[in-house]
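Asks: Would you mind keeping the following structure in view while I ask a few things?
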Amino acid sequence: MSEVRVLVGTRKGAFILTSEGKRARWDVSGPHFPGWEIYHLKGSTVDPNRIYASQSSGWFGQIIQRSSDGGKTWETPGGEAMPAPGAPPQGQSNKFVYDSSPPTGKPLTTHQWYDGTQHPWEFKRVWHLEPSLTDPDTVYAGVEDAALFRTTDGAHTWHELAGLRGHGTGPQWQPGAGGLCLHTIIQDPSNPGRIFIAISAAGAFRTDDAGITWRPINRGLRSPYIPDPAAEIGHCVHHMAMHPSRPNVLFMQKHWDVLRSDNAGELWQEVSGNLPTDFGFAIDVHAHEPETVYVVPIKSDSEHFTPDGKLRVYRSRSGGNEWEALTKGLPQADCYVNVLRDAMSVDSLDKCGVYFGTTGGQVYASPDAGDTWAPIVRDLPAVLSVEVQTLQ
Amino acid sequence: MIRVELPPHLRGLARISGEVELDIQGPVTQRSVLDALEASFPMLRGAIRDHVTQKRRPFLRFFACGEDLSHQQPDTPLPDEVASGREPLLIVGAIAGG
Numbered sequence: 010m011s012e013v014r015v016l017v018g019t020r021k022g023a024f025i026l027t028s029e030g031k032r033a034r035w036d037v038s039g040p041h042f043p044g045w046e047i048y049h050l051k052g053s054t055v056d057p058n059r060i061y062a063s064q065s066s067g068w069f070g071q072i073i074q075r076s077s078d079g080g081k082t083w084e085t086p087g088g089e090a091m092p093a094p095g096a097p098p099q100g101q102s103n104k105f106v107y108d109s110s111p112p113t114g115k116p117l118t119t120h121q122w123y124d125g126t127q128h129p130w131e132f133k134r135v136w137h138l139e140p141s142l143t144d145p146d147t148v149y150a151g152v153e154d155a156a157l158f159r160t161t162d163g164a165h166t167w168h169e170l171a172g173l174r175g176h177g178t179g180p181q182w183q184p185g186a187g188g189l190c191l192h193t194i195i196q197d198p199s200n201p202g203r204i205f206i207a208i209s210a211a212g213a214f215r216t217d218d219a220g221i222t223w224r225p226i227n228r229g230l231r232s233p234y235i236p237d238p239a240a241e242i243g244h245c246v247h248h249m250a251m252h253p254s255r256p257n258v259l260f261m262q263k264h265w266d267v268l269r270s271d272n273a274g275e276l277w278q279e280v281s282g283n284l285p286t287d288f289g290f291a292i293d294v295h296a297h298e299p300e301t302v303y304v305v306p307i308k309s310d311s312e313h314f315t316p317d318g319k320l321r322v323y324r325s326r327s328g329g330n331e332w333e334a335l336t337k338g339l340p341q342a343d344c345y346v347n348v349l350r351d352a353m354s355v356d357s358l359d360k361c362g363v364y365f366g367t368t369g370g371q372v373y374a375s376p377d378a379g380d381t382w383a384p385i386v387r388d389l390p391a392v393l394s395v396e397v398q399t400l401q
Numbered sequence: 481m482i483r484v485e486l487p488p489h490l491r492g493l494a495r496i497s498g499e500v501e502l503d504i505q506g507p508v509t510q511r512s513v514l515d516a517l518e519a520s521f522p523m524l525r526g527a528i529r530d531h532v533t534q535k536r537r538p539f540l541r542f543f544a545c546g547e548d549l550s551h552q553q554p555d556t557p558l559p560d561e562v563a564s565g566r567e568p569l570l571i572v573g574a575i576a577g578g
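Chains A and B, in that order, are what the protein sequence lines are. Heads up, the first sequence is in our numbering, so the first residue is 10 and it goes up one at a time. Heads up, the second sequence is in our numbering, so the first residue is 481 and it goes up one at a time.
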């Protein structure tokens, strides 16, 4: 009997929504960590009951939570009772310190600030947690100010993959409106050494040696609002998605423009086509149809809400350019919400389920690949992230 | 016995309710109290003081006996009322934001 577990991060806690395979009735668990911002939760594909959560607060900083029972109970790795009075903690799961050690290269100390001056790198929070495809104790963390960290001991300790910040363009990176954040991490299931990441506002990057060296993959992007619209660095990439069966095909929602690459990011081409607006944040790919892509157009970068008061998911069955509005069950009047970059996900049932959360606190589900929608919950705090686990 | 009162978010993180009671050998200072607190509740490391600099996080303040002690040096002795357990050390989150 299949089951679906939807992990929802919000401005004021985490929620876990579960349903049987028909996805008709839902149980709601939460709030977990009430009052804290939960930027992201994600489960391991190797051990689905192992879930990691990024819990943060402007007051109290960054906390990493971990569950080993599918979100029923949680622990802060390294926060266990002392083995002996006065002994040091066994781990420091909430400690993210930029690598400044000489053996790993030339650590950068500054990036570009909003006004063009150089600014020190300062850790603020974890935006995205990406568990390894092969080991439940290995997780990648994308953080603000932009850097990539990795744990190999189940989140007890974290270490920066400093080759990304140190590869040469770091002083040109500058924060987007939400900060200088590394928000997207995609592992290539066919090539363990290949990882794609994206940073606002620097662009997309790729490693082919498991994070030691990196290079920008932004050729073909055009951003008219930066000094050189075709620059190698400086594009505000909002999110990327990939179908695991075709790891060389990437889809991207940029600040403006929806794009695709058919060669692992070597070159991008715009596929915005007939979208009513190509500004947006979320993008995802159907679980069984690698050319079926979903986006949620947002009016503009000054009006972060849906155009015309209508909440519409757009689906392309041709890998872009030709898009159809999916509206059945979604509000088509007086709706002014946003759908953030990590707030859309798919399950792998047949038919493919599609899920997204809004800044208005709704989480919508479609059990039929987007043809019809219904809210699972309507009144959560603003939704920051939605991840789906399909449990067999 | 030193008494410490944490803000609700940190009580939730440490999975406690009410005040924390700590035994401290030697001088009772902000540093010695926070060291003892973090030893008892390691999940609080980094949530009150920065991991690296060990400075108080900007939106937290320390109060006791009606006084703001936030800007005292970490090794300045805390008031006798705190050292004797008659008054708690209050760790307070700034009232800001939503």
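Built from N, CA and C at the ideal position, the CB exists for glycine as well. Here the structure is a predicted model, which means the values were calculated and not measured.
With VAL152(A) and ALA164(A) assumed to form a contact (beta carbons below 8 Å), what rounded beta-carbon distance in angstroms separates them?
Replies: Contact doesn't hold; Cβ gap of about 14 Å is too wide.
Asks: How about PRO384(A) and GLN371(A): are their beta carbons less than 8 Å apart?
Replies: yes
Asks: Identify, in the order they occur along the chain, each residue of the same chain with its Cβ nearer than 8 Å to the Cβ of PRO94(A), setting aside the five sequence neighbours on each side.
Replies: Low local confidence applies: a pLDDT of 49 at PRO94(A) is under 50, so the model's placement there is unreliable, with the coordinate-based value given in what follows. Result list for PRO94(A): empty, nothing under 8 Å.
Asks: How would you call ASN103(A), buried or exposed, if buried means at least 16 neighbouring beta carbons within 10 angstroms?
Replies: With 16 or more Cβ atoms within 10 Å of its Cβ, ASN103(A) is classed as buried.
Asks: Give me the chain B residues within the contact set of SER66(A), using Cβ-Cβ distance strictly less than 7 Å, ordered along the chain.
Replies: HIS489
Asks: So, using beta-carbon positions, are ARG537(B) and PHE69(A) closer together than 8 Å?
Replies: Between ARG537(B) and PHE69(A), the CB-CB gap stays under 8 Å.
Asks: Suppose the cutoff is 8 Å on Cβ atoms and the five residues either side in sequence are ignored; what does the same chain contact list for PHE290(A) look like?
Replies: Residues of the same chain with a CB within less than 8 Å of the CB of PHE290(A), apart from the 5 flanking positions on each side, are HIS247, HIS248, GLN262, VAL305, ILE307, ASN347, VAL348, LEU349, ARG350, ALA352 in chain order.
Asks: Can you grab the Cα-Cα spacing for the pair PRO233(A) / LYS133(A), in whole Å?
Replies: 29 Å
Asks: With a threshold of 7 Å (Cβ to nearest heavy atom), would SER53(A) be considered close to the ligand SAM?
Replies: Ligands in the displayed structure: none, and consequently the ligand SAM is not present.
Asks: Can you check which of these residues, PRO488(B), GLN553(B), GLY506(B), is closest to VAL500(B) by C-alpha distance?
Replies: PRO488(B)
Asks: I'd like to know if THR85(A) contacts chain B, where contact means its C-beta is closer than 8 Å to some C-beta of that chain.
Replies: yes
Asks: To the nearest angstrom, how far is the alpha carbon of GLY212(A) from that of PHE24(A)?
Replies: 31 Å
Asks: Using the beta-carbon count (16 or more within 10 Å), is THR368(A) buried or exposed?
Replies: buried
Asks: How many angstroms separate the CA atom of TYR303(A) from the CA atom of ILE73(A)?
Replies: C-alpha separation (whole angstroms): 30 Å.
Asks: Does any residue of chain B have a CB that is nearer than 8 Å to the CB of PHE69(A)?
Replies: yes
Asks: Select from the region 519 to 540 of chain B all residues with a C-beta closer than 9 Å to any C-beta belonging to chain A, and list them in chain order.
Replies: ALA519, SER520, PHE521, PRO522, MET523, LEU524, ARG525, GLY526, ALA527, ILE528, ASP530, HIS531, VAL532, ARG537, PRO538, PHE539, LEU540
Asks: Against chain A, does GLY573(B) count as a neighbour if the rule is that its beta carbon must be under 8 Å from one of theirs?
Replies: yes
Asks: So if DSSP puts ILE204(A) in a beta bridge, which residue, or which two residues, is it bridged to?
Replies: GLN196(A), THR216(A)
Asks: Between ASN347(A) and chain B, is the shortest Cβ-Cβ distance under 8 Å, so that the two count as touching?
Replies: no
Asks: For GLY172(A), which three-state DSSP category applies?
Replies: Under the three-state reduction of DSSP output, GLY172(A) falls in the coil class, being neither helix nor strand.
Asks: Would LEU493(B) pass as an interface residue toward chain A - the criterion being a Cβ-Cβ separation below 8 Å?
Replies: yes
Asks: If you draw a straight line from the alpha carbon of SER141(A) to that of ASP124(A), how long is it in whole angstroms?
Replies: 37 Å
Asks: Determine, using beta-carbon pairs with one atom in the region 203 to 220 of chain A and one in the region 308 to 322 of chain A, whether at least three such pairs fall under 8 Å.
Replies: They do not touch, by the three-pair rule.
Asks: Rounded to a whole number of angstroms, what is the C-alpha to C-alpha distance between GLY338(A) and TYR373(A)?
Replies: 9 Å
Asks: Exposed or buried, SER53(A), counting other C-beta atoms within 10 Å across all chains shown (16 or more means buried)?
Replies: buried
Asks: Could you pull the DSSP bridge partners for HIS128(A) from this structure?
Replies: HIS120(A)
Asks: Could you name the residues that DSSP lists as bridge partners for VAL513(B)?
Replies: DSSP lists no partner for VAL513(B).
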